[in-house]
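Only one structure is covered here, and it is reproduced in the block below.
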Amino acid sequence: YVRAHGGNKHQFYAPEMDEDIKNRLEMINGLHNALVRDELQLSYQPKVNLAEGEFHSVEVLLRWSHPTLGQVSPSDFIPMAEESGMIGELTLWVLRQACLQVHAWQKQGLPPIRVAVNVSGHQLQSSDFITALTDLLNETGLDPQWLEIEITESVLMQSPTAAIATLNKLRKLGIHLAIDDFGTGYSSLAYLKRFPVHSLKIDRSFIKDIEQSERYATITSSIIEMGKSLHLTVIAEGVETLGQMAFLKEQNCDEIQGFLYSMPVNADEIVRLKTNLQDQTCPLSAVATS
Ligand code: C2E
Ligand code: MG
Ligand code: MG
Ligand code: MG
């Protein structure tokens, strides 16, 4: 009986805490079954080229409909997958689905679309990952240039030298590489120069305030300038307003991703978006053609 230990230890048994632990356990157990029970789905969000007002790549975002908990956010279940050792299997599943989807779109006659998959630090550190990825590319026959991997800046900065070696191996496979959530991981220009990536995604926390805060606007322009000087494709994450888009365009940001153009959507919706770009109701067309 916990109170026998004295102090205020009983606070660990507060009912809401019980509920929390129960949910966590339910989620971890559930993750094991989610794959076989078909509860996981891929969502896709376009990265729109600002000069053209068109997109040629999408980011894959994992979605989980839990039978009793409902929609669980990847921000909650990805960390759990990492802790419980499920992340390797999960990442490979996402990569495989993404490769198959690109193939399916190509077969439908859609213009080529690159698909970007988020990969956690755990994978990056495992040599098995590179082998599995090589096998997957061989097996699906996908031209590697249509696959992109996003790795957060903070993961890269955990052990930059090891990260650079892994990035070089991935790049040799022919896939594209992006630094995700840039601006939150405290890397220096010196490191950025050494990371062999193709693109850099500015974290949403900067974009969110560019219209209100001169400081954030300045930081954002500096990141764009730095990225461009290193010949990287610069992408702004979480673009929600026309004002943000106009500012980013003026600063020569290459691409935007965010609710302004589209929420993450299913594969069929991507086809619709890709084939209806001249739609006048699209807020982007107004600016793209101006
Ligand atoms: P991320 O890779 O930085 O993905 C961007 C997140 O911002 C997504 O959240 C997306 O839905 C959200 N977002 C996009 N546009 C807007 C916007 O205009 N406004 C706002 N408020 N949010 C926007 P989501 O889907 O909840 O994913 C959260 C994070 O979970 C991702 O951040 C990524 O780190 C991780 N994640 C998602 N799918 C996977 C996956 O398959 N594998 C791994 N390892 N991580 C994943
Ligand atoms: Mg990402
Ligand atoms: Mg991000
Ligand atoms: Mg993120």
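According to UniProt numbering, the sequence shown is numbered sequentially starting from 488. Backbone N, C-alpha and C define an ideal beta-carbon position, used for all residues, glycine too.
**Paired residues, beta bridge with S544 - DSSP** = DSSP, once it has assigned bridges, lists K534 and R601 as partnering S544.
**Item:** Cβ-heavy atom distance, F746 to ligand 1, below 8 Å
**Value:** Yes, the Cβ of F746 comes within 8 Å of a heavy atom of ligand 1.
**Message:** If you reduce the DSSP assignment to three classes, tell me which class E727 lands in.
**Reply:** Reduced to three states, the DSSP call for E727 is coil.
**Close beta carbons around A491, own chain, < 8 Å, minus the five adjacent residues each side** = Interpretation of A491 is limited by its pLDDT of 41, a score under 50 that renders its predicted location unreliable; the figure taken from the coordinates is listed afterwards. Excluding five sequence positions before and after A491, none of the CB atoms of its chain fall closer than 8 Å to its own CB.
**Prompt:** How would you label K688, buried or exposed, when you count the other beta carbons within 10 angstroms and need 16 or more for buried?
**Reply:** K688 counts as buried, since no fewer than 16 other beta carbons sit within 10 angstroms of its beta carbon.
**Prompt:** Taking C-beta to C-beta, are I600 and S544 nearer than 9 Å?
**Reply:** In contact: I600 and S544 (Cβ atoms closer than 9 Å).
**Message:** Assuming F669 and I710 are in contact, meaning their beta carbons sit under 8 Å apart, how far apart are those beta carbons, in whole angstroms?
**Reply:** With a contact defined as Cβ atoms closer than 8 Å, F669 and I710 qualify at about 7 Å.
**Message:** Closer than 8 Å is the cut-off here; do at least three beta carbon pairs connect the segment 547–560 with the segment 610–625?
**Reply:** As far as the Cβ criterion goes, the segment 547–560 does not touch the segment 610–625, which means the pair count is below three.
**Message:** Whole angstroms are fine: how far does the CA of E727 sit from the CA of S692?
**Reply:** One alpha carbon belongs to S692, the other to E727, and they sit about 12 Å apart.
**Item:** Residue range of the unbroken beta strand (DSSP E) whose run includes S686
**Value:** From DSSP, the beta strand (DSSP E) with S686 extends over S686 to I689.
**Asked** Can you tell me whether N495 is buried or exposed, with buried defined as 16 or more other CB within 10 angstroms of its CB?
**Response** Reliability fails at N495, whose pLDDT of 47 lies under 50, so the model's placement of it is uncertain and no value is given.
**Asked** Can you list, in chain order, the residues of its chain whose CB lies under 6 Å from that of V642, leaving out five sequence neighbours each side?
**Response** Within the same chain, V642 has close Cβ partners G608.
**Message:** Using a Cβ-Cβ cutoff of less than 8 Å, which residues in the same chain neighbour V752 once the five nearest sequence positions on both sides are dropped?
**Reply:** Once the five neighbours on either side are set aside, the close Cβ partners of V752 are S530, Y531, Q532 and L760.
**Prompt:** Should residue 806 be listed as close to ligand 1, given that the test is whether its C-beta is under 8 Å from any heavy atom?
**Reply:** Lying outside 488 to 777, the shown extent of the chain, residue 806 is not represented and no answer is given.
**Request:** Locate the beta strand (DSSP E) running through V559, then write down its first and last residues.
**Result:** Start and end: G557 to V559.
**Item:** Check: K688 C-beta below 8 Å from any heavy atom of ligand 2
**Value:** Set against 8 Å, the gap from the CB of K688 to the closest heavy atom of ligand 2 is smaller.
**Asked** What residue range is occupied by the uninterrupted beta strand (DSSP E) comprising F669?
**Response** Annotation for F669: the continuous beta strand (DSSP E) segment containing it runs H663 to F669.
**Message:** How far does the beta strand (DSSP E) with I638 in it extend, from its first residue to its last?
**Reply:** Unbroken beta strand (DSSP E) run through I638: L634 to T639.
**Asked** Taking Cβ positions, are Q744 and V535 nearer each other than 9 Å?
**Response** The Cβ atoms of Q744 and V535 sit closer than 9 Å to each other.
**Prompt:** V589 to N625, Cα distance in whole Å?
**Reply:** Those two C-alpha atoms are separated by around 15 Å.
**Request:** Determine the DSSP secondary structure at L657, reduced to helix, strand or coil.
**Result:** L657: helix per DSSP, three-state reduction.
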